[in-house]
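Protein chains: 2
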Amino acid sequence: MNHSQAPTRKQVAIVGAGFAGLNAAKQLSHRKDIDVVVIDRENHHLFQPLLYQVAMAALSPADIAVPIRSLLNAANLRVIKATAQTIDVARRCVITDVGEFAYDYALVACGAQHSYFGREDWEPLAPGLKSLPQATEIRRRVLEAFEAAERENDAEKRRRYLTFVVVGGGPTGVELAGAIGEMSRFTLAKDFRSIDPRQTRVMLIEAGARILPTFDSSLAARAMRDLESLGVQVWTGARVTNISAEGVTIGTEQVGSATVLWAAGVRAAAIGRSLGVGIDHAGRVIVNEELNIPGHPEVFVAGDMSSCARDGKPLPGVALVAMQQGQYVAKTIQNDLQGRPRQPFRYVDLGQMATIGRSRAIAEFGKLRLSGWFAWWFWLLVHIYRLSGFRNRLSVLIQWAWSYFTFGRGARLIVDKEWQAYPIESQNR
Amino acid sequence: MNHSQAPTRKQVAIVGAGFAGLNAAKQLSHRKDIDVVVIDRENHHLFQPLLYQVAMAALSPADIAVPIRSLLNAANLRVIKATAQTIDVARRCVITDVGEFAYDYALVACGAQHSYFGREDWEPLAPGLKSLPQATEIRRRVLEAFEAAERENDAEKRRRYLTFVVVGGGPTGVELAGAIGEMSRFTLAKDFRSIDPRQTRVMLIEAGARILPTFDSSLAARAMRDLESLGVQVWTGARVTNISAEGVTIGTEQVGSATVLWAAGVRAAAIGRSLGVGIDHAGRVIVNEELNIPGHPEVFVAGDMSSCARDGKPLPGVALVAMQQGQYVAKTIQNDLQGRPRQPFRYVDLGQMATIGRSRAIAEFGKLRLSGWFAWWFWLLVHIYRLSGFRNRLSVLIQWAWSYFTFGRGARLIVDKEWQAYPIESQNR
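Here's what the structure looks like:
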């Protein structure tokens, strides 16, 4: 068999084992004429759509993280735990902290992190939610705030501890605010002696005219009512102008808060700039219909890192886009090797969903719109189905069933920063 | 018959035709040996427990106001529309702007108005709700704020117009905040083009640890959840430190609001000071067990104006207390005339209630606690029953039925201040 392999084997480098990288690698795993190297700073693939549930103590980190090796164990796949630094498109190699990896094809898909619109100094005050350490840090801050309030005698300080501000009214902001509302109104309601967690103020701050702008306005209105029923007040048309240890400022308004969470904007991983091509305002690499950068049909950029237009608007930074792009890239590489013409990438919109606490969600599939209890069950089934790895599915299912019937949260642990299993800034960017 | 009347007819002066004065006068209306004069600055008795419904455009002023003459048309009763200025206890006469009225017995019951705790300059910025003109003014401001928001293009200003702050978490504050929440989420939801009234922020600010402190804490918690479901956020432990045209300040917190309503404290009518006896911190006249001021068994003070202790705490300023006190005073006068010994006043606590929007209420009768839909129907029946005058009952019943089934509000009129039927400061104090 050796004679047919040696000269024609193509090297594919995949940088980032998120939804795009993972799906591309899986599609290529049966090809005997291709060697794939998957480079990621972490050893685990993260199921980001459920990350907020880790932050909100409903799931444990291990429930939504799976070792990349266990997902990609085909003979032609190599997994390298390394930090990619630049892509040298001229020399066709990925430069990492553990050496260089030459490629015939490269897929760069390192995701995104939160953007503070030039106020990166706000990050320690208002962490975003993109990685497991960030999720556990948010969990620690939220739970710690209730503990601090319980110890505090001064009414104003206590009110500050019991005020949670979530900045950004997209799906992540909605899910975080809804979960804090639910936690305070139900889970923690009876746990304290000197405070009543039900007195907690939760504000969801959105600069635009309404929350969930990518959803139909009737669904967004429903989500807002659902949030209100969990004690969350939505402030629309409200742009945060300052964040300090005391709280947030919105123009002339000031709200005291010890816990501010950021879900207001994303910025693509910095490695995109090393490609030396055009990037958009969010740092995303502008790619053509085949997800290539100009002049380099062998370099693909996919997922949250890429800006791929559909009807003049970039595709949203969601898992479904990344998954389809990963599969498309794998298919395109195979077409090339078999001498078939390339097809442009076409996103098949399977809809979007957001949950608001226990038993409530909104979902949109083309003209079909669901909300309430039924949408939540649908959301649950889809996410259970999509979760990679049998053990995770079962574990999450059990956790959720327990939470659903008891209003409890199984992972209500405060883990000190110093003792966390994961260092901050662990994602491959 | 004349021979038995002339020398023994006693003169009773009742100052104020609120719940206390009205009930005393009614009890004395069958006595041939007593002449009663009822002095009030207004020509109408006001059913204050429903005043907030006028402010919130659910009822019209005429629905809750009845001409005093039509309620007191017995032969021995005279109704005088006049402003009482002082009570001359030495000369035993009431001095008014239309002359003096001598008395053998006097009942002073002129009610209370809102107290701004030394910041009376806040009154124009944050009106209270004690009189019909105040109610129509609040209605005008609330409805006008939505109109102004509709015209406004600047996001920050629009947000200010769509922010309603109610100060004070007693029953009135809860009822006002709940009604604004309901109005914005249901009644007005579809009426505007450039704004979405459902984005309205409603805050209920309470300095104490929780709202409705006179209620059981489980009922207060239920009321808070009901408020939240109407989009009202409750801020507890929050003391307002400033109010300006821009909004309210709570310590270091600032919230922009064009409409601030005051329901935070009461101060008894000023005429109480003319009695020259002790008053408490809220300006209420301190009376003994027989509702008399020291040394004057012929002078009674009742209702919101009086401070009558039970178990060391003054009785609450509610209609039920005033009604029972009015009846007690009438009975005591009759006992005196018949040479029977006086009995001390004993308040029979029939419980307390508060409504939160349509279909929700809380009610407490001793150990019995009701909430939700059933409590609301109970509240409705009690208030319909208590309303004086058949026409009012029917009118209110029809209005409520219409509102209940349509979510509409029949009295959504903006009446300009200049054109109001009632002058501001119309209560008899």
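The listed protein sequences correspond, in order, to chains V and Z.
If you're matching positions, the first sequence starts at 812 in this note's numbering and goes up one per residue.
If you're matching positions, the second sequence starts at 812 in this note's numbering and goes up one per residue.
Think of the CB as a built atom: it goes at the ideal place given N, C-alpha and C, for glycine as much as any other residue.
Small disclaimer: the values here were computed from a predicted structure and weren't measured.
- In the DSSP assignment, K941/Z falls outside any beta strand (DSSP E), carrying neither H nor E.
- As a beta-bridge residue in DSSP terms, H856/V pairs with V877/V.
- Residue-level contact by beta carbon fails for A901/Z and chain V, as no gap is shorter than 8 Å.
- Listed in chain order, the non-local C-beta contacts of G989/Z below 6 Å within the same chain comprise L1038, L1041, I1167, G1168, local neighbours out to five positions each way being set aside.
- A direct Cα-to-Cα measurement between G1183/Z and P938/V gives close to 39 Å.
- Secondary structure at K1142/Z: helix, using DSSP grouped into helix, strand and coil.
- Nearest CB-CB separation between T1052/V and chain Z: not below the 8 Å threshold.
- Sequence-distant Cβ neighbours of V909/V in its own chain, meaning closer than 6 Å and more than five residues away, are A893.
- For R1084/V, no Cβ of chain Z is located within less than 8 Å of the residue's own Cβ.
- At least 8 Å separates the beta-carbon of D1115/Z from that of A836/Z.
- Think of a sphere of 7 Å around the beta carbon of T1063/Z: the chain V residues whose beta carbon falls inside it are E1057, Q1065, G1067, in chain order.
- Cβ contact annotation for V1096/Z (same chain, cutoff 8 Å, sequence separation greater than five): V919, A1079, G1083, L1086, V1088, G1089, I1090, I1104, V1112, M1116, S1117, S1118, in chain order.
- Residue-level contact by beta carbon holds for R1021/Z and chain V, with a gap shorter than 8 Å.
- Within a 10 Å sphere around the beta-carbon of R1021/V sit 16 or more other beta-carbons, which makes this residue buried.
- For E1017/Z, there is no enclosing alpha helix (DSSP H), as DSSP gives it neither H nor E.
- It is roughly 8 Å from the alpha-carbon of I1144/V to the alpha-carbon of Y916/V.
- Looking only at R1012/Z, L1192/Z, A824/Z, L833/Z, the smallest Cα-Cα distance to P878/Z is reached by L833/Z.
- Cβ neighbours of F830/Z within its own chain (closer than 7 Å, five residues either side excluded): G1114, A1130, A1133, M1134, G1137.
- V1159/Z sits exposed, since fewer than 16 C-beta atoms from the chains shown fall within 10 Å of its C-beta.
- Contact of D932/Z with chain V is not assigned, every C-beta pair being separated by 8 Å or more.
- Pairing L1126/Z with M867/Z, the inter-Cα distance amounts to about 28 Å.
- Here DSSP, grouped into helix, strand and coil, assigns S1170/V to coil.
- With 16 or more other Cβ atoms inside 10 Å of its own Cβ, L870/Z counts as buried.
- Between G1076/V and T1047/V, the C-beta gap is not smaller than 8 Å, which leaves the two residues out of contact.
- The three-state reading of DSSP puts A1079/V in strand, counting E and B together.
- Proximity of G1168/Z to chain V, defined by a Cβ-Cβ separation below 8 Å, is not satisfied.
- For D851/V, not one C-beta of chain Z is nearer than 8 Å to its own C-beta.
- Separation of R903/V and K968/V (C-alpha to C-alpha, rounded to the nearest whole angstrom) is 57 Å.
- Going by C-alpha positions, L857/V is about 18 Å away from W1211/V.
- Counting only Cβ-Cβ distances below 8 Å, R969/V has contacts in chain Z at G1048, in chain order.
- In the structure shown, the three-state DSSP call for V1207/Z is helix.
- Proximity of E1039/V to chain Z, defined by a Cβ-Cβ separation below 8 Å, is satisfied.
- A straight line joining the alpha-carbon of G1162/V with that of L883/V spans about 28 Å.
- The segment 977-986 of chain V makes contact with the segment 1065-1073 of chain V, as at least three CB pairs between them are under 8 Å.
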